[in-house]
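All remarks here apply to the structure that follows.
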Amino acid sequence: MARLNLWRWGVLGLAGLYFLLPLAASVVFTVDVPGQGITFDAYTRIVSTDGFTSSLLLSLELAAATIAVVLLLMVPAMVALRLGAPRLRPVVEVVCSLPLVVPPIAFVAGLGTVLKWGPEHLSRTPLFQTFVAIQNPDFPVVLVLAYVVMALPFVYRALDAGLRAVDVRTLVEAARSCGAGWPQALVRAVLPNLRGALLNASFLTLALVLGEFTVAQLLGFRPFAVWIVNVSGSQAQLSVAVSVLSLLVTWVLLLALAGVGGRTRTTSRG
Amino acid sequence: MTATAVRADTVSAAAPRRRRRSLGWIAVVPLLAFTALAFGLPALAMLDGAFTVKDPATGATAYTADNLTASLRGAYLTALLGSVKLSAVSAALGALLGLPLAQAVVTSRFPALRQAVLTASGVLANFGGVPLAFAFVATLGNAGVLTRHLGLTDKGWDLYSFWGLVIVYLYFLIPLMVLTITPALEGLRTQWREAAQNNGATPAQYWRHVALPVLLPSLLGGLVLLFGSAFAAYATAAAMVGSSIPLVTLQIADAISGNVLVGQENVALALSLDMVLVAGLVMAVYLPLQRRSARWLA
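Protein chains in written order, with the UniProt record's numbering: chain D, 1 to 270; chain P, 1 to 298.
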């Protein structure tokens, strides 16, 4: 038994060293600048740095839009699968897993090709205006479309786990026999029981959108992650400081969520 | 369990079934329509572009396999093989190192530690990307803290090398392995170990004849998933600029943005198709393995 404990603490200790060392070293890197001594300049400068507020705001707006769209699409569909269309279930499962087969870089290559059709083939049609509108740099709708697709696997798993724990059919039938209409039964009986799963799905999507780099960079937009990379060339300390903060904030948010949700676990990609 | 309940119910009440099914269709249609537009259209565009060649002089297009053959030659082939090699090595290491960590976490008596490790794994495995790259640049890069204080550069250390990237990739691959293998480890029942012990098995025999065969599908599945994840990674490698390692994701990005040669967009699409084929192969291996392991863990 003692040997087993020793072994376990050895493994945990080594893992802790490997996983905490880069974070600790990053903090040292931002605080202990060669030639300047100890300074918290990198952290105090973050907010006033050009582009920080606008890129973070853009990312948060994109995240809010993505969460709204993905939940509006997925929640009714997933509830309906439980209630009345079980035969569609494999279809939805495959559709929601497809984004895992297409890596983000391949997806954005295809997306870029579609966006180029606008100027090339459709410039005389009303569709052209749509192409221009969804690429508005102030709020690129096309990124929301891409992020919703990329979030589908995570949201599917979170909602599926939540629905597994709830007897949707009985809930709806109880609500209906008490005189509730369909919308009322869904909003007041089913959704409150899915609170944990909805929160989980929302936070996973938030983390995904805040950290997303590939699609945004290759389509030429400038949300948070792209800004971090752009600013790293001139201000290395600052970019590392922001990186460490964003990793820690995501972790704490998801940890708090796990605490609130009780036994809900973070989903793996598996 | 739910499926049988639904079936029993639909047999006994045919009329409500019809009404509910129509409602079900209506609720699923927006999701399917959305994915057809936002995912299907780009996927088809990629497929179409990968097989299309445009004559720069006349502007005429023709369907050929030239792009695909070009994507499997020269620098592109080197990049593809480089990606495969990097993914294979880091996936194998990640699986080897992730298994003992997951076992240590699962058998730990502190629920808080478990929860913290699993949540941190979720964050690192899925959302590392750019921040992760910068943390490593600050630690082990040319001006990194450890590099400076330990004088690693004189000892031949270079973060922007094959093994440097492996070390960085392990930072999100080990957590992914922990997430994938934890359910399987939790499914190993104490009764199985006790039964083996009662029959006189040593711990080594228990692992060899009971635990490993049950874990094997999950282990292989995890390995395959790690490979796919490392293969698809772009942000980490791209943010660590100065990488001299040829990777297929970096090549695609260069070709899309026209950094190397103009008119390589369709080769980029063919390379993307190569990646999708590899990722599809990964899933084709992974899903049956996962189903097999789920049988034991029900």
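We put the CB at the ideal spot given by N, CA and C, even for glycine.
Predicted, not measured: the structure shown is a model, and the values here were computed from it.
Is it the case that the segment 150-161 of chain P contacts the segment 94-108 of chain P, given that we only count it when at least three CB pairs across the two stretches are under 8 Å?
no
Beta-carbon proximity list for I290/P, same chain, < 6 Å, skipping 5 on both sides:
It should be pointed out that residue 290/P corresponds to Gln in this sequence rather than to Ile. Within the same chain, Q290/P has close Cβ partners G221.
Please list, in chain order, the residues of the segment 213-246 of chain D that have any C-beta partner in chain P closer than 7 Å.
F213, T214, L218, A225, I228, V229, S232, S239, V240, S243, V244 and S246
List the residues of chain P that F29/D touches, going by C-beta distances under 8 Å, in chain order.
A138, T139, G144 and V145
Which of the three DSSP states is assigned to I38/D in this structure?
DSSP places I38/D in strand when its eight states are reduced to three.
Rounded to the nearest angstrom, what separates I174/P and H121/D at their Cα positions?
47 Å
Terminal residues of the continuous alpha helix (DSSP H) containing Y147/D?
V141 to R164
Y63/P bridges to which residues according to DSSP?
DSSP output for Y63/P lists T52/P as bridge partner(s).
Between L140/P, G187/P and D254/P, which lies nearest to F29/D when the distance is taken from Cα to Cα?
L140/P
Closer than 8 Å, CB to CB, is I252/P near chain D or not?
For I252/P, the answer is yes, since a Cβ of chain D falls inside 8 Å of its Cβ.
Within 8 Å of chain P by C-beta, residues of the segment 171-200 of chain D in sequence order:
Those residues of the segment 171-200 of chain D that come within reach of chain P (Cβ to Cβ, closer than 8 Å) are W182.
Exposure of N136/D, with buried meaning 16 or more beta-carbon neighbours within 10 Å:
The C-beta of N136/D has fewer than 16 other C-beta atoms within 10 Å across all chains shown, which makes the residue exposed.
According to DSSP, residues forming a beta bridge with D32/D
I38/D, per the DSSP bridge assignment.
Considering only the alpha carbon of each residue, which of V114/D, M150/D and V190/D lies closest to L44/P?
V114/D
Using the beta-carbon of each residue, which ones in chain P are nearer than 7 Å to V11/D?
Going along chain P in sequence order, the residues near V11/D (Cβ under 7 Å) are P100, L101 and A104.
C-alpha distance - A232/P paired with V101/D, whole-angstrom precision:
One C-alpha to the other measures close to 10 Å.
List the residues of chain A whose Cβ lies closer than 8 Å to the Cβ of P99/D, in chain order.
Of the protein chains in the structure, D and P, none is chain A.
Quick check on the burial criterion: 16 or more other C-beta atoms within 10 angstroms. Buried or exposed for D274/P?
buried
Between which two residues does the alpha helix (DSSP H) containing N230/D stretch?
F224 to S232
Determine whether the Cβ of L58/D lies closer than 8 Å to any Cβ atom of chain P.
no
Taking 8 Å as the CB-CB cut-off, is G42/D touching chain P?
Strictly speaking, residue 42/D in this sequence is Ala, with Gly absent from that position. No, A42/D does not count as interfacial toward chain P.
Using C-beta distances below 6 Å, list every residue in its chain close to A207/D, excluding the 5 sequence neighbours before and after it, in chain order.
T250
7 Å Cβ cut-off: residues of chain P touching R45/D:
By Cβ distance, chain P contributes nothing, its closest Cβ being about 16 Å from R45/D, past 7 Å.
Look at V31/D and F40/D and say whether their C-beta atoms are less than 8 Å apart.
The answer is yes: Cβ separation under 8 Å.
Buried or exposed, going by whether 16 or more other CB atoms sit within 10 Å of the CB of V224/P?
Flag for V224/P reads buried.
Please state if the CB of L146/P and the CB of Y171/P are separated by a distance shorter than 8 Å.
no
Under DSSP, the alpha helix (DSSP H) around C96/D begins and ends at which residues?
First-last of the alpha helix (DSSP H) with C96/D: R89 to V101.
Taking G233/D as the reference, which of T202/P, V137/P and A268/P has the closest Cα?
V137/P
Comparing C-alpha positions only, which one of V27/D, F139/D, V226/D and P192/D sits nearest to I38/D?
V27/D
Which of the three DSSP states is assigned to L194/D in this structure?
coil
If we count the other Cβ atoms within 10 Å of its Cβ and call it buried at 16 or more, is G228/P buried or exposed?
buried
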